[in-house]
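Numbered according to UniProt numbering, the sequence shown spans residues 1 to 378.
Idealized CB from N, CA, C, for every residue including glycine.
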Amino acid sequence: MKKKLLSLLMAAMMMTAILAGCGGDTAPADDSVGDGSGAVANPDYPNNGTINCVVGWSAGGTTDLVARKVAALMSQELGCNNNCTNVNGASGSIAATQVTAEGTDGETAWGGMISAINTWRAMGYNDMSWKDWYTFISCQTDFVLVVAGSSDFETYQDFVDYAAANPGKLSSGNPGLGSVGHLAAVTFCNAFGIETNHVPYSGGRAAAIGVMGGEIDYLFIAYGDVYDLIESGDLKPLACTGESDKIVTMADDTEITIPTLDGEKPEIAETTNKLAMWGVALPRTAPAEQVLAFQQAWQDAVDSEEFKAYCEEIGIKPAAITGDEADKLLSEGEAVYVELLESLDMTTVSAADLGIASSAEYSWDNVDTSDLIPWPAA
Numbered sequence: 001m002k003k004k005l006l007s008l009l010m011a012a013m014m015m016t017a018i019l020a021g022c023g024g025d026t027a028p029a030d031d032s033v034g035d036g037s038g039a040v041a042n043p044d045y046p047n048n049g050t051i052n053c054v055v056g057w058s059a060g061g062t063t064d065l066v067a068r069k070v071a072a073l074m075s076q077e078l079g080c081n082n083n084c085t086n087v088n089g090a091s092g093s094i095a096a097t098q099v100t101a102e103g104t105d106g107e108t109a110w111g112g113m114i115s116a117i118n119t120w121r122a123m124g125y126n127d128m129s130w131k132d133w134y135t136f137i138s139c140q141t142d143f144v145l146v147v148a149g150s151s152d153f154e155t156y157q158d159f160v161d162y163a164a165a166n167p168g169k170l171s172s173g174n175p176g177l178g179s180v181g182h183l184a185a186v187t188f189c190n191a192f193g194i195e196t197n198h199v200p201y202s203g204g205r206a207a208a209i210g211v212m213g214g215e216i217d218y219l220f221i222a223y224g225d226v227y228d229l230i231e232s233g234d235l236k237p238l239a240c241t242g243e244s245d246k247i248v249t250m251a252d253d254t255e256i257t258i259p260t261l262d263g264e265k266p267e268i269a270e271t272t273n274k275l276a277m278w279g280v281a282l283p284r285t286a287p288a289e290q291v292l293a294f295q296q297a298w299q300d301a302v303d304s305e306e307f308k309a310y311c312e313e314i315g316i317k318p319a320a321i322t323g324d325e326a327d328k329l330l331s332e333g334e335a336v337y338v339e340l341l342e343s344l345d346m347t348t349v350s351a352a353d354l355g356i357a358s359s360a361e362y363s364w365d366n367v368d369t370s371d372l373i374p375w376p377a378a
């Protein structure tokens, strides 16, 4: 399994050549920008022969792997090249700023944990929200509690009991403060009434290496970030989210069972399901015909048997959510996300000042969409 993952990653990396620029100097005419008036997809897409994707997290984690896989499959559908680069930092907002600065021609996408977009305004990273992006949600995930393979913890109850008796002694890693991984771990701790420290890393994979090296004690992280390290025995899984227990085949062909927390603590999955969504996004000012061409290639990619098999292999769930449905998911997730950030005193501006309702009061019918550029209709 590890060899297969390595070969997939290397193949994706080999395709990441620096190719011709994206030629985004010409602004689209006003009547071509997401007006929903029945635009026709550009048959020559991408005009410069390359789909570009700027991934907002470091290489090697699920965020990076999914973005590269989708870009590779899209380029196969379109018969073009793909160029994925990593610009990590500030919950993906640095990469997003680069995407919008390089042009809004619809041929350069942002790739990452889609719901991270909901943190940027509240944390003072930039002024962008989900309303500024056409989002394409490729997959979702369950979360897993893991410790080092050599850890003395054998069950999640062992872990919880120790953490409760020793508040602040255990440390967790995450892909960045304010990230989905951070807030998932906070949600887990809140559900069990325990207190641990939270240490930021450049990505989920880097945090996993931190656990293996003894820098930190545990992760509550997206399953896809660590599935191969579980199979190898480098990390020991204690619990997971999901409708049922997970059965994992180890490297030595034995099987282990990871118990689900959904029965005992359903609120964990109820929250994380609104946060954990990987995908790609285009600036909402991209020309309608370009968005339609991108969307069709993306849809073909994520509907393919190859992508579904890939998701199963790395322990994530294909989703294929876009359009108004994606807008509604992100809008609801924004209320949950910002509320969690406020509880941690991590916001520079309040939800109320941003016009964001509390999660308890949220309703899509009350969301102001008067300034929202609609999805283009074919």
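Can you list, in chain order, the stretches of the beta strand (DSSP E) that have 3 or more residues and sit fully within the region 267 to 297? 277 to 283
State the start and end residues of the unbroken beta strand (DSSP E) segment that holds residue 240. 235 to 240
Which of helix, strand or coil DSSP assigns to residue 171: strand
Quick check on residue 126: does DSSP put it in helix, strand or coil? coil
In the DSSP assignment, what residue or residues form a beta bridge with residue 135? 281
Where residue 383 falls, given that 16 or more other Cβ within 10 Å makes a residue buried: Since the first residue shown for the chain is 1 and the last is 378, residue 383 is missing from the structure and cannot be characterised.
Kindly indicate which three-state DSSP category residue 70 falls into: helix, strand or coil? helix
Ends of the alpha helix (DSSP H) at residue 265? Where residue 265 is concerned, there is no enclosing alpha helix (DSSP H), given that its DSSP letter is neither H nor E.
Return the chain-ordered ranges of every alpha helix (DSSP H) run that is complete within the region 91 to 124 and spans a minimum of 4 residues. 93 to 102
For residue 45, which of helix, strand or coil comes out of DSSP? coil
Unbroken stretches of the beta strand (DSSP E), 3 residues or longer, contained in the region 302 to 342: 317 to 322
Count the other C-beta atoms from every protein chain shown that fall within 10 angstroms of the C-beta of residue 104, then say buried if there are 16 or more, exposed otherwise. buried
Rounded to the nearest angstrom, how far is the Cβ of residue 186 from that of residue 275, given a contact under 8 Å? Not a contact, Cβ separation roughly 11 Å.
Ignore the nearest five residues each way along the sequence and tell me which others in residue 340's own chain have a CB closer than 6 Å to its CB. 183
Three-state secondary structure assigned by DSSP to residue 371: coil
Give the single residue among 248, 350, 140 and 212 whose Cα lies nearest to the Cα of residue 319. 140
Under 8 Å: do the region 209 to 226 and the region 136 to 155 share three or more Cβ pairs, one atom per stretch? yes
With H, G and I counted as helix, E and B as strand and the rest as coil, what does DSSP make of residue 356? coil
For residue 88, which option in 235, 268, 262 and 206 has the closest C-alpha, if you only look at C-alpha atoms? 206
Could you spell out where the alpha helix (DSSP H) holding residue 180 opens and where it closes? 180 to 192
My guess is that residue 281 and residue 135 are in contact by the Cβ rule of under 8 Å, so how many angstroms apart are they, rounded? 5 Å
According to the neighbour-count rule (16 or more other Cβ atoms, all chains shown, within 10 Å of its Cβ), is residue 78 buried or exposed? buried
Distance between residue 179 and residue 383 (C-alpha atoms, nearest Å): Nothing in the structure corresponds to residue 383, since the chain is present only between 1 and 378.
Proximity below 8 Å, CB of residue 62 to CB of residue 55: no
Just to confirm my understanding: we take residue 349, look at its own chain, exclude 5 residues before and 5 after, and list those with CB closer than 8 Å. What are they? 121, 122 and 124
Are residue 86 and residue 57 closer than 8 Å when you measure CB to CB? yes
Report yes if the C-beta distance between residue 138 and residue 66 is below 8 Å; otherwise report no. yes
Cβ-based burial, residue 225 [other Cβ within 10 Å; buried from 16]: buried
Taking the beta carbon of residue 52 as the centre, do at least 16 other beta carbons fall within 10 Å, making it buried, or is it exposed? buried
Residue from 344, 334 and 209 with nearest C-alpha to residue 227: 209
Quick check on residue 63: does DSSP put it in helix, strand or coil? helix
With H, G and I counted as helix, E and B as strand and the rest as coil, what does DSSP make of residue 344? coil
Contacts around residue 131, its chain only, beta-carbon distance under 6 Å, and the 5 residues preceding and following it disregarded: 372
Cβ neighbour criterion (16 or more within 10 Å) applied to residue 363: exposed
Local Cβ density within 10 Å of residue 334, reported as buried at 16 or more and exposed below that: buried
Does the beta-carbon distance from residue 279 to residue 94 come in below 8 Å? no
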